[in-house]
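Step one of this worksheet: look at the structure below.
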Amino acid sequence: MGFDKTSLENQLGNLWNKDENTITLATRNKKYAIISDLHMGDGGKSDDFKENEKATVNALKYYRNNGYTLILLGDIEELWQFSADEIVSEYNDSVYKYMRDFGDKNIYRVFGNHDIDWKTPDPIRKAQNNNVYEGIKLKDINGKQKILLIHGHQGTKDSDKHSAISRGFVR
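When the letters of the sequence shown are read in order and numbered with my numbering, they come out as residues 6 to 176.
The structure is reproduced here in structure tokens:
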């Protein structure tokens with residue numbers, strides 16, 4: 006995997022200093038469950054997530070029942086290999102159902118390199134707005150921004166600059 010230090014520093018600096026691609030969340034009296042890299046597919050033989058569906062549903066139930074806010078930190082769907090329609094069709098009544106139970110105000114989505122191309126309404130949100138961010142900043146208990154959550158593909162040539170080629174290998 007190629008790495009471009011200057012590109013990475015620029016992208017992360019922009020995310021930290023500008024608010025257009027990020028959202029800032031408070032942490033005082035809040036609990037967050039952070040989930041990434043599910044890579045949900047179509048339920049078939051090539052779907053690496055299928056064996057994790059039950060565990061994911063159980064985790065989502067636990068977090069929802071215990072007052073967590075859900076942060077989806079990228080690559081929830083495997084859009085390099087499957088269409089959004091195939092994924093939604095397979096997981097709408099299981100994983101997406103339990104994600105929707107968090108409600109629109111208690112779920113945040115950061116895009117990753119494998120789910121950056123959402124062209125359809127987000128199957129998680131009841132309101133059809135696709136508030137998907139490149140990063141989320143978390144404040145400490147005193148209200149100062151301390152943590153930047155990103156998926157982590159920034160600055161890698163195969164994810165940022167050559168994703169079309171990388172997608173071909175994944176398919």
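Don't be surprised by glycine CBs; every beta carbon is placed ideally from N, CA and C. In this text, all values refer to a predicted model and were calculated from it rather than measured experimentally.
{"Asked": "To the nearest angstrom, how far is the alpha carbon of residue 32 from that of residue 143?", "Found": "7 Å"}
{"Asked": "Keeping to the same chain, check which residues put their C-beta closer than 7 Å to that of residue 47; ignore five residues upstream and five downstream.", "Found": "87, 91, 92 and 95"}
{"Asked": "Residue 37 to residue 54, Cα distance in whole Å?", "Found": "22 Å"}
{"Asked": "Opposite residue 140 in the DSSP bridges: which residues?", "Found": "27"}
{"Asked": "For the alpha helix (DSSP H) that contains residue 92, what are its first and last residues?", "Found": "89-96"}
{"Asked": "For residue 110, which of 61, 74 and 117 has the nearest alpha-carbon?", "Found": "74"}
{"Asked": "Starting from residue 50, trace the alpha helix (DSSP H) in both directions and tell me its first and last residue.", "Found": "From DSSP, residue 50 is part of no alpha helix (DSSP H); its letter is neither H nor E."}
{"Asked": "By Cβ distance below 6 Å, which residues in the same chain neighbour residue 76 in space, the five residues on each side in sequence not counted?", "Found": "37, 39 and 113"}
{"Asked": "Just how far apart, CA to CA, sit residue 67 and residue 102?", "Found": "14 Å"}
{"Asked": "Considering only the alpha carbon of each residue, which of 26, 42 and 71 lies closest to residue 57?", "Found": "42"}
{"Asked": "Helix or strand or just coil, what does DSSP make of residue 69?", "Found": "helix"}
{"Asked": "Excluding the 5 residues preceding and the 5 following residue 44 in the sequence, name in chain order all residues of the same chain whose CB lies nearer than 6 Å to its CB.", "Found": "53, 54, 80 and 83"}
{"Asked": "Could you name the residues that DSSP lists as bridge partners for residue 38?", "Found": "75"}
{"Asked": "Alpha carbon to alpha carbon, how far is residue 146 from residue 71? Give it in angstroms, no decimals.", "Found": "20 Å"}
{"Asked": "Within its chain, find whatever has a CB closer than 8 Å to the CB of residue 154; leave out the 5 residues flanking it on each side and keep chain order.", "Found": "39, 76, 78, 115, 140, 141, 142 and 143"}
{"Asked": "Tell me which residue opens and which closes the beta strand (DSSP E) that residue 151 is part of.", "Found": "150-154"}
{"Asked": "Taking only three categories from DSSP, how would you classify residue 33?", "Found": "coil"}
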